[in-house]
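The sequence shown begins at 1144 in the numbering used here and counts up by one. Ideal Cβ placement from N, Cα and C applies to all residues, glycine included. Bear in mind that the values here come from a model prediction, so they are computed numbers and not experimental data.
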Amino acid sequence: MSEQLTASDGHRFSAYHRCPAQPRAGLLVVQEIFGVNAHIREVADGYAADGYEVLAPALFDRVERGVELDYSPESLARGRELAGGLGVTHANPAQGLAGTLADLQACIDWLRDKGLKVGLVGYCFGGALAWLAANQLDLDASVGYYGGMIDKMLDRSPNCPVMLHFGEEDPHISLDSVAAVEKAYPDLPIYRYPAGHGFNRQPELPATGLARQRTLDFFARHLG
């Protein structure tokens, strides 16, 4: 099921929506650079099965609507191009993302209007947004999976509880970058796993189940 939402700047975008009969809280599932594809919908379905009302916003709607990419090298290049169209740069990842943050806040407001606490879980591109949103938006909890560029945004103080997951075999995020985040925020729960980038897409890996259980426990504490 899809919802149509409107951001504060008037931009209309779609969001994949799943709702259990009696939601315990609201949750944003934030896409990788591959759009709201089958994997992200599956993740959203899983959290809905755990009792959360879920929105997975189509953040690339600001550049191109209906984006749903696979995991080929060509799709990776296209996803990076689309992310660049939103304003993402490695030198200053937070710059230019006001529209994207407005989309996320619109989802938060939509869920809060139902009287729900709201959390966010993001993957890859969404993992970086999970960190940025925790520092700038009205969230009750935020979890980021293998979010690159967080080490470029260490001058911030999260407004809500945050948990981060990283793979020790990730070719896109160096262990030095992870260590910099750990050093800057020693009190945050930051976990490393013997896995690569995108490990949540590999359900057979022990890291996938462990990270998901830690995430569920974290949300249970902070969202209900």
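Using only alpha-carbon positions, find the residue among the options that is nearest to residue i.
i, options, result
"Tyr1190", "Val1172, Gln1279 and Ser1215", "Val1172"
"Tyr1214", "Leu1272, Glu1175 and Phe1362", "Glu1175"
"Ala1241", "Gln1165, Pro1301 and Arg1205", "Arg1205"
"Met1292", "Met1144, Cys1250 and Phe1268", "Phe1268"
"Leu1353", "Asp1319, Phe1309 and Ala1322", "Phe1309"
"Gly1367", "Cys1162, Gly1169, Tyr1159 and Asp1152", "Gly1169"
"Ser1151", "Val1264, Leu1359 and Leu1244", "Leu1244"
"Gly1265", "Gly1153, Arg1184 and Gly1230", "Arg1184"
"Leu1280", "Pro1304, Val1324, Leu1297 and Pro1166", "Pro1304"
"His1154", "Glu1207, Ala1192 and His1233", "Glu1207"
"Phe1342", "Gln1147, Arg1335 and Thr1351", "Thr1351"
"Gly1209", "Pro1314, Pro1329, Gln1147 and Met1296", "Gln1147"
"Leu1198", "Glu1311, Tyr1334 and Gln1248", "Gln1248"
In angstroms, rounded to a whole number, what distance separates the CA positions of residue i and residue j?
i, j, result
"Leu1433", "Val1261", "Here the chain has residues from 1144 to 1367 only, and residue 1433 is not among them."
"Leu1202", "Met1306", "22 Å"
"Thr1149", "Ser1157", "9 Å"
"Phe1177", "Ser1218", "7 Å"
"Ala1274", "Ala1284", "According to the sequence displayed, residue 1274 carries Trp and not Ala. Spanning the two alpha carbons is a distance of roughly 10 Å."
"Leu1348", "His1160", "27 Å"
"His1315", "His1340", "7 Å"
In this structure, how does DSSP classify residue i when only helix, strand and coil are distinguished?
i, result
"Pro1200", "strand"
"Thr1351", "helix"
"Gln1279", "helix"
"Thr1149", "strand"
"Leu1259", "coil"
"Ala1322", "helix"
"Gly1269", "helix"
"Ile1176", "coil"
"Arg1208", "coil"
"Ile1333", "strand"
What span of residues does the alpha helix (DSSP H) with residue i cover, start to end?
i, result
"Gly1189", "Ala1181 to Ala1192"
"Glu1224", "Pro1216 to Leu1229"
What residue does the beta strand (DSSP E) around residue i start on, and which one ends it?
i, result
"Leu1170", "Ala1168 to Val1173"
"Ile1251", "Counting along the chain, Ile1251 falls outside any beta strand (DSSP E), though it belongs to the alpha helix (DSSP H) covering Ala1241 to Arg1255."
"Gln1157", "In the sequence as presented, Gln is not what sits at residue 1157; that position holds Ser. Per DSSP, Ser1157 belongs to the beta strand (DSSP E) from Arg1155 to Arg1161."
"His1308", "Val1305 to Gly1310"
What do you reckon, are the CB atoms on residue i and residue j nearer than 8 Å?
i, j, result
"Asp1360", "Ala1323", "no"
"Gly1230", "Gln1238", "yes"
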